[in-house]
Structures are given as structure tokens and as C-alpha cells.
Amino acid sequence: MKMELSGSEEIAASRQDLWDALQEPAVLTECIPGCKEMTEIAPDDYEVKMQLKVAAVGGSFDGKVRLFDKDEPESCHITVSGGGTLGTGDGTAKFTISELEPGKSRLDYEGEGEIGGLVAGVGQRVLKSVAKHLTKQFFTALKKHFGAEKAAG
Amino acid sequence: MNEHAKPFSGRYVSSDRRVREDTRFVAGAGHFVQDIERPGMLHVALVASQHPAATIEDIDASEALAMEGVVAVVDGNELSNAVNPLMNGLDTPEVRRFPLAVGQNRYAGEWVAAVVATSRALAEDAAEKVKVKGEKLGYVMDPEKAMEADSTPVHPSHGSNVLLDRTFDWGPVEDDFARSDETLKLRVTWGRNSTVPIETFGVICEWNAWENVLEVWASIQMPKYADQIARALGLRGNDVRVYYDVDVGGSYGVKRGIKHTVLAAYLARKLGRPVRLIEDRLENMRSGDAHGPERIFDIGVAFDRDGTINAMKMRALDNAGAYAGRAPFQLGKPIGAIVGPYRINSVQYRAQSVTTNKAVQEAVRGFGQSPTNYALETMMDRVAEHLGMDRIALRRKNFIRSDEFPWEIPSGSKYDSGDYHAVVDKVLAQSGYEDIVAERDRLRADGLCAGIGIAACLEPSGGNSSFEPLLNPKNRTSTWMEGSRVNVDALGDVTVTIHTTSSGQGHETLAATVVGEVLEIDPDRIRVVRPDSLGSLPGNSPVGSRMAIMLGGAAANAARDIKRQISAIAAHSMGVAPDAVTYAEGVVRGPDGRTVEWSEVVDIAHRRFHDLPEGTNPGLTASFIQQVPTGVALPKDGKAQMYPCYSFEFHVVLMAFDPVLAKPEIRRYIIGHDCGTVINPHIVKGMTLGGIAHGIGAALLEEFSYDAEGHLMTQSFLDYLMPSSNEVPEVEIVHHCTPSPFTEFGQKGSGESGYLGAPAAISGAIHDALRPWNIHLNKLPIRMSAISDAIASAKENT
């Protein structure tokens, strides 16, 4: 089933800092919900291992992430594809960062994907809200990352 | 007309007697596959494909094999090298099917590999760790797209998606169209639903190396199951022993897990341990290969202004799913009742079956008859609407009359008997039809949408599987026999055999009742057993509403043979001719009033060879193999005698719903039912009520629906909606009995009753309720959202 996802978030970080963080596997591993491992296999090419639970369905997801059409520090495209016990997912998204004021940026994202397998069949009713929830978790973690960095700095 | 012109009046047949099987089911003492434990048994979980079609390049099971309790992981390559393809009904040799996908999968959820472990839970955990690598392939979901020449073939080596495309012309169709006052066209679609039993399919296979026998316990309802297992595994027929004393927890056609069985059997032989495969709900729904017909009907009908239907052209396009199996034959059964209960002079029927990337179809209650009846009855409603004629009057005008039987329909089948007008009259009188109309009008005045649905239809029963040779000329089937044996033991007690499994149809009650009837002894004293397949007489399992006719016939005839033997032995002991004695309630009476008791005959038969008539074998036993009544020849010139018996049902349903919410509610449900002589009224009642519940599901709720990307969206009961006690109304049954001239007691089939007309009747009621807006909802199931959307847009446009 097809799915679209878009939104925008304000993050307490400069455009460059936000850009850097989104390119950093360690940060992404920390922020992506359920992400166990993110390994760089080539520049801008990663392998991810995730453990997720959607509705009654829980399981693992192994995928590939690729960043492309990068226009540092403003915009970037990302594709994710993979599968696991939960089902399959393929998607492409674009994110754009604009600096609102020093130390504060806005991240706009827009993407679409296709979900298949078990999760599409069983989780269809909750898939959209789960996606929103996971996205929210991601940004909460990202904001926390910058908050923590600030506190540490 | 025949000896059964009057209903059969029996001692036990038709009497109000308990269904003997009920006791064990109600007490929770059934004997199901899940109840069977074998020492050292292993369990299977399946790795499912994630895409509607993808190549299988590599299967990495290393992680799974390293897990606790895991014994083996087997893929389609290994399996297809070891077993033969599963049986294919049509002559389409390139449409090969194995239990596990080979080289590529063809629908989302199809089994790619099997994981065997010491428990099902461990097998499931390990299955999650099996990695399947491959490339996505093109796919097609829509049957009309699949027909197109440039569509992606599901089986590339078959060359196209067309499994079957055959046009039959029965009678002067074009002439009848030309001479008719009016013609009309319509299209209706039957959604993909099924019977979805509480018990999923399950099987245990065990290879007994010392006897060289494969032992099978299965939740099965399938003709020639043991033969198919032997063929697939390259075993001799007598190397396979299927235990028929396993209870099947619901079926109505779909319990045909041959792929499960061949897989489990292969694993059991390979591993030298018993192997159990029981589907979980997801496996059952998406990959149990047990979906029912999904069918588009295009109908043209030619009729006169007085309502006489002269001719019909019907095109039925069925979406068989990814493999052929037996599903395309579900386009064949309806040929035996292609005009329903009506005198239609000529018919053109085009039967098309195509492959798509959906799960495989299996036989479902009625074997394609209920979709066809829905199409026919919708046609009748449209003609009535077009002519401004009363729907019941139109049907009555076209019914075959009771004095016209046996009536041969254009496709070559003779209907045995019936009195359709009488059943309709009875229903209208007993239900107070005028009150129903008044109630509908009162509901309408209250601002509700209210409508009455009408359906008249047939249940062809006890057939010879003639659709097989009709649709596949290489098939030479002209018998669909059933056997039974009656033994009288040395203590004088009677035991009857059944050679198939029970899915709750009450065969044991049936066999005991008819044998009791013939021998005039209390059926409760008769034991009924189910020997395993190696100890069995030939049979074809309960399909096509046949057991009352076929098992009933076999058991009655075997009992008749016993009665003949008893009479002969007794006559000999009295020194009189066999035809000089009379038999009554187990006692034989001579012409001079002398009697010989049952126990004396048993003593002679079992101990005193010297007192037996010359040439008589000792022991009291008789077997009878019943041939299908009227089943004598192969089809000829595209025509066949498809079924010996035709039961009739007439539905009247009153529905009401709010025009905004549109949640359909059934206010009254009346069915008139004529299945000839009823052997056991409780069984027939249960069949009919269950069939109507099933029909409510098909009409309003149930559908295996796929999204455009090829994924099944209804994989669980959260999304695949079934009627509950909330949706199933109280049903009033009006009985009528027109006996069949071709069966032992005048009985006809009833295993599909209710289901065969309920969807048509419910659709008709909704249409009657929507009449103010002239809305036609041409696809089942009709969901409440479809009704409310249609009303809303109709309101916008006015």
C-alpha cells in the first residue's frame, strides 16, 4: 500500500549542525526509533538493522539507506528500502533545512513510500498513525540530542 | 410420474431424532488434528513471500538453522526435485504448482520455505530469520487486465493468463434474441470470499519405515486425497494411509490442504519423524489457498413484454488466482443449473478463468453455483424493473411447472422434480407476505430505506463431476461413486462404514438412519465407523451436496442386501422359497406363520455353515458401491447430465437501514426449502441456517481484497468481516417436499442450502430499498459505506 508522509519541525540547531547530525550514523542510530545498527558501506550508503513493533506485529527490518542529490547544507534526498519479518518498505523523501535564526532551523520533509507484506495487511488501519508516531519519536530524540549537546557544551 | 410422487413416510427417515455427532462436539470430545500427538513430532512454520511476484535467487537459512530446536529448512528447489507437481484439473501442463514456490513466487504470502523445529513457536521464530533474496517481477491483479494479450503472465511458460475460455451455445440463442420484444444487459461482480472455518487446515504426516506406509491425519474434505498424496510423492496407492476418523472443524469445501500435506509428508520421510503443519490464521487467510470464486458476470437477456424470458447470454470471468488447481471447474458446475428454475429456451455461456497474482482458489460451498444464482436473480430483478412487473409474478411466469418434470434445460441436464409454484405460494401464505409489504411501506414512511428481496434458486446435488470431462476433454470421469458396508457381527449387532472424514455434516446420523430404516431396527443400536483409507471402499468425499444421496444410497442398498441375505437364510431354515417369506423388524415370517428370529439367522450365518443355503458365504456382510443416479455417459456436444437432483429454495427478506448511516439490518428472513425427503430434519435445518449466515457474509461483509500493489488487505478477522449473531437474524423455514424419483427415499441434497440464494435475496432487498434513487450496486459484498456513498451522491445529483 502506498503512503505519503510530510511535515516540518523546528530544531534548536544551526543549519550546518543539523545537516551534520543528519549525516552522522551515530546520531541517526540514536534517533531513529527501533534502530539497532547503522553501518556505512560506502559514502552515503548505509545498512540499517531495526527492531520495531506495529500494532500486533513486531519484528525486525533490515534495509539500505542511501543519500543522494545532496546540496549541503540545504537539501538532500534519501531512499530507504528493505524488508524483514514485518514486511517490506520502500520509500524516497526529500528534506530541506532553512535557518530561521542563529541556532534555530526548520526541517521540511516530504516523501512517499510503499509498504508491503504482513505490516500492510495487518497494520493497515494503524499504519498512518504509527508512521506519524515514529516520526514524532525521531524528532523528539533529535531535539533531545541537540538539547543534550547544548547542556554538555 | 414416479413411485415417490408422494413424500416418503418412514419409521426413522424424516423423524425428529437427535444428530448423534452433536453429543461429542457439544461435550468438547471431538477428535481434531490438534488433539493428536505423535511421539517425537516436529512442527512446521512457513516463510512467506513479501511481494506479489519476485524471483527467488537465494535463501539464506544459516541463522535459522543455528537456532534452538531447528531441525531443517527446506525450499522449493529441494522439494520440487523430490515430488511431482500437484494435481491440475485443466489441461494446462505449464501451470505447475508445488507446495513451496520454485524459482519465483506468484502471490504475496506464498510459501517460499518451510522451517521445521521441535515446536511451532521455535519454528516461527526461526522462520523470521530466513533471508530470501530476489528481484521484484511484474504482476497483475485484475482479471480483465489479465485477459489482455500484453498482460504480465503469472506463469511465463504457459504463455498467457488464460486457463480456460470456452463458449457454449445451447439452442437457437441468436434467433431467440432476434424474436424477443426486448433485451437488456447487466454486469454484476461476485467478490472473492470463502468459507473461513474456525479450525484452520492442519495435517500430521508420519513415515512408517517398517511398513513402508505414510500415515496421515488431516483436517481434510477432499475427493481422492490419498491418491493425490501418493501421486505427488511417487508412492504406490497402498503406501498411503489416511485416517478418516479425524473430525474436521468446519469446511464447506475449503479443507483441501494438499500442498500442506505433500510438504509435511516429504518432511516426515526426509527427517524420519512425524511432522505436523497447522496453519495459523494469517497463513490460512493469505496462503492457505482456500479463497473462493471471484467472478464478473456480463449478461444479456432477451424477453417479451409479457415477461417471458426467451434467451440469455452469460459471460463469467473468474479470477482463479496464481495456480489452476480445481478452481476453474467452479465455472462448470453451474452449467447443470444455468437457467435456474426457469424455462429459458436457449443459452450462450462463456466460461473464462484467468491467473492473477492472488492466492489460489479452492472449492467453496456450491462450487460456483451461488455466484451464478446471484447473477441470474439480479437479472430477473432487472427484467421486472424494466417491465414494471412484480418480481414474484415474473418469476412465477417463468418457472418450470411441476407437471413438466423431468425437464431438460438447454445445457443438457434434466431436472428431476420440483414444485416451485407451490413453494412460493406456501412461503407467501405462511409468512404473511402482504404484512411484509405493509411493514416495508411503514418503515419507508418513517424515513428509513426499506426493501424486500426475493430469490428463487436451485441446489444441484449429488453430481457425477461431469464438469471435469466437459471442461477438460482429456478427463474421462463418468463415475463419482460412494461406498458403504454393513456388517452384522456374531452377536447380531450392526455396524456401518463411512469412507471419508466428517466436517460436521452428520454422516453418522445419516448412515444409521437409513440402515435402521431398511432393516427396521432402532438406529441408536447401529454403530457407524470410519475405517482408514486402506480399509475403505471407493468414495469421493462430501462434495456437491451428495452425501444424503450417495452415502445414503450406498448404506441403504447394503442394508437391503443384508435384509435379502437374512430372508434367504431364514427361508432356507424353514424349507421355503426366499420370496415366500416376509421381513419385519428383524424377524422373518414364513407363509404358514412360522417365524425365524434375527438371533437365529445370525447364529446360522456366523457358526452353522451346514445350515446355510447352498452357495451362501458365511458371515453377514454386504458392501454397496453407489453410482450417481442418472450418471451414465460422458458429456456430448458440450452438453452434460450434470446432477441427478435439484433442490429448490425461495427466499424473502425484509431489510431496512438509515439513509445516512446505511447499516443494513435484516427485519424478516423467510426461506421456503424443498430438498425432497428429509433424512434428518435437524441436519437440514442446521445446513440451511448456516448457509444463510454464510450468504449474509458474502452479500454484505466478507471479501479477500487486495490493494493495487498486490497485498492482501484482509488477512485477519479485524478486516475480513464475518457475520456474527448480531448480523444473523432469526430465520423462518417453510418446508415443502417434492421427492426425487432417482434416490432411495426421494432425498435431494441440502449441504449448500441457504447459501445459494441468500446473497441474491439480500442484494435484491437493498436494491428495493434504494429504488427511490434508482441506484444499482453491482458488486458483492455491498458494504454499508457503498450504500451510504451511493445515496449521498444520488442526493447531490438531484
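Protein sequence lines, in the order shown, are assigned to chains A and B.
In terms of the numbering used here, the first sequence is numbered consecutively and its last residue is 153.
In terms of the numbering used here, the second sequence is numbered consecutively and its last residue is 1798.
By construction, the Cβ of each residue, glycine as well, lies at the ideal position given by its N, Cα and C atoms.
Rounded to whole angstroms, what is the Cα-Cα separation between Glu-1037 (chain B) and Glu-1508 (chain B)? As a position in the second sequence, residue 1037 (chain B) is number 37, starting the count at 1. As a position in the second sequence, residue 1508 (chain B) is number 508, starting the count at 1. Roughly 25 Å separates the two Cα atoms.
- According to DSSP, is Gly-1010 (chain B) helix, strand or coil? Your numbering for residue 1010 (chain B) matches position 10 in the second sequence. Of the three classes helix, strand and coil, the one that applies to Gly-1010 (chain B) here is coil, per DSSP.
So is Val-130 (chain A) in contact with chain B if we call contact Cβ pairs under 7 Å?
Translated into the one-based positions of the first sequence, residue 130 (chain A) becomes position 130. Not an interface residue.
- Proximity of Ser-1461 (chain B) and Gly-1749 (chain B) at Cβ, strictly below 7 Å: The sequence position of residue 1461 (chain B) within the second sequence is 461, counting from 1. The sequence position of residue 1749 (chain B) within the second sequence is 749, counting from 1. In this structure, Gly-1749 (chain B) lies closer than 7 Å to Ser-1461 (chain B) by Cβ.
**Request:** Take Arg-1560 (chain B) as the anchor and find which of B:Tyr-1583, B:His-1572, B:Pro-1538 has the nearest alpha-carbon.
**Result:** Within the second sequence, residue 1560 (chain B) is the residue found at index 560, counting from 1. Looking at the Cα atoms, B:Tyr-1583 is the closest of the given residues.
Test: Ser-972 (chain B) CB closer than 7 Å to a CB of chain A
The requested residue 972 (chain B) is not part of the displayed model; chain B covers only 1001 to 1798.
For this session: List the endpoints of the continuous beta strand (DSSP E) containing Trp-1111 (chain B).
Result: As a position in the second sequence, residue 1111 (chain B) is number 111, starting the count at 1. Following the DSSP letters along the chain, one finds Trp-1111 (chain B) inside the beta strand (DSSP E) bounded by residues 1111–1117.
Three-pair Cβ contact test at 8 Å for the region 1082–1091 of chain B versus the region 1224–1234 of chain B: yes
* Could you please tell me which residues of the region 1707–1720 of chain B, in chain order, have their CB closer than 9 Å to any CB of chain A? => Asp-1707, Ala-1708, Glu-1709, Gly-1710, His-1711, Leu-1712, Met-1713, Thr-1714, Gln-1715, Ser-1716, Leu-1718, Asp-1719
Exercise for review: With a 10 Å radius around its C-beta and 16 neighbouring C-beta atoms as the bar for buried, classify Asp-1245 (chain B) as buried or exposed.
Suggested key: Stepping through the second sequence from its first residue, residue 1245 (chain B) is reached at position 245. Classification for Asp-1245 (chain B): exposed.
Check: Looking only at C-alpha atoms, which of B:Ala-1123, B:Ser-1753, B:Pro-1729, B:Arg-1589 sits nearest to Val-1653 (chain B)?
Finding: Against the second sequence, residue 1653 (chain B) aligns to sequence position 653. For the residues B:Ala-1123, B:Ser-1753, B:Pro-1729, B:Arg-1589, the minimum Cα distance to Val-1653 (chain B) belongs to B:Pro-1729.
- Query: Is Ile-1258 (chain B) buried or exposed, if buried means 16 or more other CB atoms sit within 10 Å of its CB?
  - Reply: As a first step, residue 1258 (chain B) must be located in the second sequence, where it is residue number 258. The residue is buried, with at least 16 neighbouring Cβ atoms inside 10 Å.
Quiz item: Around the C-beta of Asn-1002 (chain B), are 16 or more other C-beta atoms found within 10 angstroms, so that it is buried, or is it exposed?
Solution: What you label residue 1002 (chain B) is simply residue 2 of the second sequence in a count that begins at 1. Annotation note: pLDDT 45 at Asn-1002 (chain B) (below 50); position unreliable, coordinate value reported separately. Label assigned to Asn-1002 (chain B): exposed.
| said: So, does the region 1667–1685 of chain B touch the region 1730–1740 of chain B, judging by three or more C-beta pairs under 8 Å? | reply: In this structure the region 1667–1685 of chain B lies against the region 1730–1740 of chain B, because at least three pairs of beta carbons, one per stretch, are closer than 8 Å.
Nonlocal neighbours in the same chain, by C-beta distance under 8 Å from Met-1722 (chain B), ignoring five residues either side: Sequence index remark: in the second sequence, residue 1722 (chain B) carries index 722 (1-based). Cβ neighbours of Met-1722 (chain B) beyond the five flanking positions: Val-1196, Gly-1697, Leu-1701, Glu-1702.
Check your understanding: Between the beta-carbon of Val-1631 (chain B) and the beta-carbon of Asn-1464 (chain B), is there less than 7 Å?
Key -> Taking the first residue of the second sequence as 1, we reach residue 1631 (chain B) at position 631. Taking the first residue of the second sequence as 1, we reach residue 1464 (chain B) at position 464. Inspection of the sequence shows that residue 1631 (chain B) is occupied by Gly rather than by Val. Closer than 7 Å, so yes.
Own chain partners of Asn-1475 (chain B) with C-beta closer than 6 Å, once the 5 adjacent residues on each side are dropped: Taking the first residue of the second sequence as 1, we reach residue 1475 (chain B) at position 475. If we look at Asn-1475 (chain B) and ignore the five residues flanking it on each side, its Cβ neighbours are Glu-1468, Pro-1469.
Taking just the CA atoms, how far does Thr-1798 (chain B) sit from His-133 (chain A)?
Counting from 1 along the first sequence, the entry for residue 133 (chain A) is found at position 133. Counting from 1 along the second sequence, the entry for residue 1798 (chain B) is found at position 798. Cα-Cα distance, rounded: 43 Å.
State the CB to CB distance for the pair Ile-1526 (chain B) and Leu-1620 (chain B), rounded to an integer number of angstroms; the pair is presumed to be in contact (CB under 8 Å).
On the second sequence, residue 1526 (chain B) is found 526 positions in, with the first residue counted as 1. On the second sequence, residue 1620 (chain B) is found 620 positions in, with the first residue counted as 1. About 14 Å; that fails the 8 Å criterion.
### Task
Would you list the residues sitting across from Lys-1133 (chain B) in a DSSP beta bridge?
If you number the second sequence from 1, residue 1133 (chain B) lands on position 133. Note: Lys-1133 (chain B) sits in a beta bridge opposite B:Asp-1058.
query = Whose C-beta lies closer than 6 Å to the C-beta of Glu-10 (chain A) among residues of the same chain, with five residues either side of it excluded?
reply = Position 10 of the first sequence, counted from the first residue, corresponds to residue 10 (chain A). Non-local C-beta neighbours of Glu-10 (chain A) in its own chain, meaning closer than 6 Å and more than five positions away in sequence, comprise Arg-106, ordered along the chain.
In chain order, what residues of the same chain lie with their CB nearer than 6 Å to the CB of Gln-1352 (chain B), ignoring the 5 residues before and after it? Position 352 of the second sequence, counted from the start, is the residue given in the question as residue 1352 (chain B). So the qualifying residues of the chain are Asp-1165, Leu-1317.
Beta-carbon proximity list for His-1004 (chain B), same chain, < 6 Å, skipping 5 on both sides: On the second sequence, residue 1004 (chain B) is found 4 positions in, with the first residue counted as 1. Caution is warranted here: a pLDDT of 48 is assigned to His-1004 (chain B), below 50, making its placement in the model unreliable, and no coordinate value can be reported.
Practice item. Consult DSSP for Arg-1589 (chain B) and reduce its assignment to one of helix, strand or coil. Key: Indexing the second sequence from 1 puts residue 1589 (chain B) at position 589. Note: Arg-1589 (chain B) maps to strand in three-state DSSP.
DSSP three-state label for Met-1041 (chain B), please. Numbered from 1 along the second sequence, position 41 holds the residue referred to as residue 1041 (chain B). Secondary structure of Met-1041 (chain B) (DSSP, three-state): coil.
Which partner residues does Lys-1414 (chain B) have in the DSSP bridge list? Counting from 1 along the second sequence, the entry for residue 1414 (chain B) is found at position 414. DSSP, once it has assigned bridges, lists B:Glu-1408 as partnering Lys-1414 (chain B).
Should Trp-1210 (chain B) go down as buried or exposed, given a rule of 16 or more other Cβ atoms within 10 Å for buried?
Looking up residue 1210 (chain B) in the second sequence gives position 210. The residue in question, Trp-1210 (chain B), is exposed, as its Cβ has fewer than 16 Cβ neighbours within 10 Å.
Coarse secondary structure for Gln-1747 (chain B), derived from DSSP in three states:
Here residue 1747 (chain B) refers to the residue found at position 747 of the second sequence. In this structure, Gln-1747 (chain B) counts as strand in the three-state DSSP scheme.
Nearest to Ser-1160 (chain B) by CA position, among B:Ile-1059, B:Tyr-1323, B:Gly-1191, is which residue?
Sequence index remark: in the second sequence, residue 1160 (chain B) carries index 160 (1-based). Looking at the Cα atoms, B:Tyr-1323 is the closest of the given residues.
- Query: Is Val-1173 (chain B) near Ser-1346 (chain B), with beta carbons less than 7 Å apart?
  - Reply: Taking the first residue of the second sequence as position 1, residue 1173 (chain B) is located at position 173. Taking the first residue of the second sequence as position 1, residue 1346 (chain B) is located at position 346. Closer than 7 Å, so yes.
Handout entry: Three-state class that DSSP yields for Pro-1156 (chain B) in the structure shown
Key = The sequence position of residue 1156 (chain B) within the second sequence is 156, counting from 1. Note: Pro-1156 (chain B) maps to helix in three-state DSSP.
Contact set between the region 8–40 of chain A and chain B, restricted to residues whose Cβ is under 8 Å from the partner = none
Checklist entry - Exposed or buried, what is Phe-68 (chain A) when buried is set at 16 or more other beta-carbons lying within 10 Å of its beta-carbon? => result Numbered from its first residue, the first sequence carries residue 68 (chain A) at position 68. Residue burial is scored here from C-beta neighbours: Phe-68 (chain A) has fewer than 16 other C-beta atoms within 10 angstroms and is therefore classed as exposed.
So with Cβ pairs under 7 Å, would you call Ala-148 (chain A) a contact of chain E?
In the displayed structure, chain E is absent; the protein chains listed are A and B.
Using a Cβ cut-off of 7 Å (strictly closer), state whether Glu-1128 (chain B) contacts chain A. Walking along the second sequence from the start, residue 1128 (chain B) turns up at place 128. Yes, its Cβ sits closer than 7 Å to a Cβ of chain A.
9 Å Cβ cut-off: residues of chain B touching Gln-51 (chain A)
What you label residue 51 (chain A) is simply residue 51 of the first sequence in a count that begins at 1. Residues of chain B passing the Cβ test: none, with the nearest at roughly 11 Å.
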